[in-house]
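Numbering (my numbering), first residue to last: 22 to 376. Beta carbons are placed, not taken as given, at the ideal position from N, Cα and C, and that holds for glycine. Let me begin by presenting the structure, written as C-alpha cells, before commenting on it.
In C-alpha cells, the structure reads:
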C-alpha cells in the first residue's frame, strides 16, 4: 500500500482509520501536496465553489474562565472590559444582514451577565432580519440552551480545544474535557447545528494529540469545525511559548475535510494573523467559510484572545465596501462569496459511497 492510499481509506472507510494512521499523515510532510489537492477536490465535489459568510459580533470580553492561553482570561487585569448593549448588538446585526452575510455569529467570553432571557430576546429579534444565528458564548445550562434554541438560534459553536484529556487539563486547570463533551451532546440533543474545533500548536501537543482532535470531530459528526493555530498572548502563562505552525494547521483542516466532506470549516482569523495569505490557503485546503468581524471599532481592539489579531475587513466595514473586499479575497483563492445562510448540506448521508 502506498502512503497516499490512506486518503482513499479515510474517504471510503473513515470509521476504520486509526489515530496512529492519522498521526503518520500529520508527521509526513511529503504527503502535504497530495493531501491538500484531494481535500480541495472533496470540498469542490461536495460543496462546490461557494464560500459562506458569517458576520461576527464580539459583544462582551468578560469571562469567568481562566484558560491559560486566552487573552481575556478572568485573571488578566490588563484587559479593558466591555459589554455591548442589546441595541448596539441589534444595530450591528442589521448592518451584517445588509452587507450580505447570511449568518450572524454572537461571540463573547463566558459572561453570565447576559442571562437566558437577554440572549433569547437578542436571538429572537435578530431572526427577524432573515439570517441564521450562531451562538458562541461558552458553557451554559441545558435550560438556557433550550431557551435559546426555542427563540430561534440555529447553531452553537463550542470548540473542544483539544481532545487530549491530559493536555486539556493542563491548559484548563479548573475544567474537564468530559464536561465539555457533555455540553456538546446537550446541544446536539436540542437539534442545534453544533460546531467543535481545536487549537493547533499548544505546548506539549504532538501529532498523536492532533489526530485525536480530527477523529473526535468525525466521531461527533461535527456540523462545523473551527481550526486555528495557537498564538501566544504575552499577558498569559503561555505567553512565551512558540506559536502554532501554518502548515500543520492547514494539514489538520485538510484531513478534517476528508473525514467530514460536507461539514462547514472556516478559514479562521487566526490563520490570517500568522500569515497574510492564511485564509486563502485554507480555502484551497478544504475550508469553505469566511467570518468577517463586525464588532464596532471602539470595542474590537479589546477582544484580544491573542495578540495582533488581524481584522481583515476592519477598514472595509467602516467604509461600507465589505462585499467588494470579501469578493476580492475569496476570488483570489478561486471561489465565490454567497449570501446563503449556509446550513450543512449532508450531501452524502443517503449514499453507501461518500466519493
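Query, Result
"Nearest-angstrom Cα distance between residue 52 and residue 302?", "16 Å"
"Could you give the first and the last residue of the continuous beta strand (DSSP E) run that contains residue 358?", "357-359"
"Pull the bridge partners of residue 78 from the DSSP assignment, please.", "127"
"For residue 104 and residue 83, what's the separation of their Cα atoms in angstroms?", "7 Å"
"What are the start and end residues of the alpha helix (DSSP H) that includes residue 230?", "228-241"
"Using the C-alpha atoms, what's the distance from residue 152 back to residue 286?", "19 Å"
"Using a Cβ-Cβ cutoff of less than 7 Å, which residues in the same chain neighbour residue 326 once the five nearest sequence positions on both sides are dropped?", "91, 92, 93"
"I'd like to know whether the C-beta atoms of residue 235 and residue 276 end up nearer to each other than 8 Å.", "yes"
"From which residue to which residue does the beta strand (DSSP E) around residue 156 run?", "153-157"
"Classify residue 402 as helix, strand or coil using the three-state DSSP reduction.", "Shown here, the chain extends from 22 to 376; a query on residue 402 therefore has no answer."
"Judging by CA-CA distance, which residue of 348, 174, 255 is the nearest neighbour of residue 156?", "174"
"Looking only at DSSP bridge pairs, what is residue 72 linked to?", "358"
"For the beta strand (DSSP E) that residue 176 lies in, which residues bound it at each end?", "176-178"
"Report the residue ranges of all beta strand (DSSP E) runs contained in full by the segment 234-303; include only those spanning at least 3 residues, in chain order.", "245-250"
"Contact between the segment 241-261 and the segment 215-223 is defined here as three or more beta-carbon pairs at a separation below 8 Å; is this criterion met?", "yes"
"Any contact between the segment 55-62 and the segment 290-307? By contact I mean 3 or more CB pairs, one from each, below 8 Å.", "yes"
"Excluding sequence positions up to five away, which residues of its chain have a Cβ less than 8 Å from the Cβ of residue 367?", "283"
"Please classify residue 356: is it buried, with 16 or more other beta-carbons within 10 angstroms of its beta-carbon, or exposed?", "buried"
"Which stretch, first to last residue, makes up the alpha helix (DSSP H) that contains residue 144?", "137-148"
"Looking only at its own chain, which residues have a Cβ that is under 7 Å from the Cβ of residue 168, when we skip the five neighbours before and after it?", "137, 141"
"With a threshold of 8 Å on Cβ separation, who are the neighbours of residue 111 within its own chain once the five nearest residues in sequence on each side are excluded?", "143, 146, 147"
"Output needed for residue 43: all residues of its chain with C-beta closer than 6 Å, excluding positions within five of it in sequence on either side, in chain order.", "232, 235"
"Please classify residue 160: does DSSP put it in a helix, a strand, or coil?", "coil"
"Got a sec? Which residues, its chain only, sit under 8 Å from residue 86 by beta carbon, not counting five neighbours each side?", "94, 95, 130, 131, 159, 193, 195, 196"
"Within 10 Å of its beta-carbon, does residue 252 have 16 or more other beta-carbons around it, so buried, or fewer, so exposed?", "buried"
"Helix, strand or coil: which one does DSSP assign to residue 340?", "Bear in mind that the predicted position of residue 340 carries a pLDDT of just 42, short of 50, making it unreliable; the figure below should be weighed with that in mind. Note: residue 340 maps to helix in three-state DSSP."
"Flag residue 166 as yes when its Cβ comes closer than 7 Å to any non-hydrogen atom of the ligand NAD, and as no otherwise.", "The model on display carries no ligand, and the ligand NAD is accordingly not part of it."
"May I have a chain-ordered list of the alpha helix (DSSP H) segments no shorter than 4 residues that lie completely inside the segment 27-102?", "40-48, 53-68"
"Does the count of Cβ pairs from the segment 69-81 and the segment 358-365 closer than 8 Å reach three?", "yes"
"Could you give the distance in angstroms between the alpha-carbon of residue 37 and the alpha-carbon of residue 113?", "46 Å"
"Residue 117 to residue 272, Cα distance in whole Å?", "31 Å"
"Among residues of its own chain, excluding the 5 on either side of residue 295, which ones have a beta-carbon nearer than 7 Å to its beta-carbon?", "250, 252, 264, 267"
"Tell me where the beta strand (DSSP E) around residue 217 begins and ends.", "214-221"
"Could you spell out the range, first to last residue, of the alpha helix (DSSP H) harbouring residue 104?", "From DSSP, residue 104 is part of no alpha helix (DSSP H); its letter is neither H nor E."
"Is it buried or exposed, residue 79, if we count other Cβ atoms within 10 angstroms and call 16 or more buried?", "buried"
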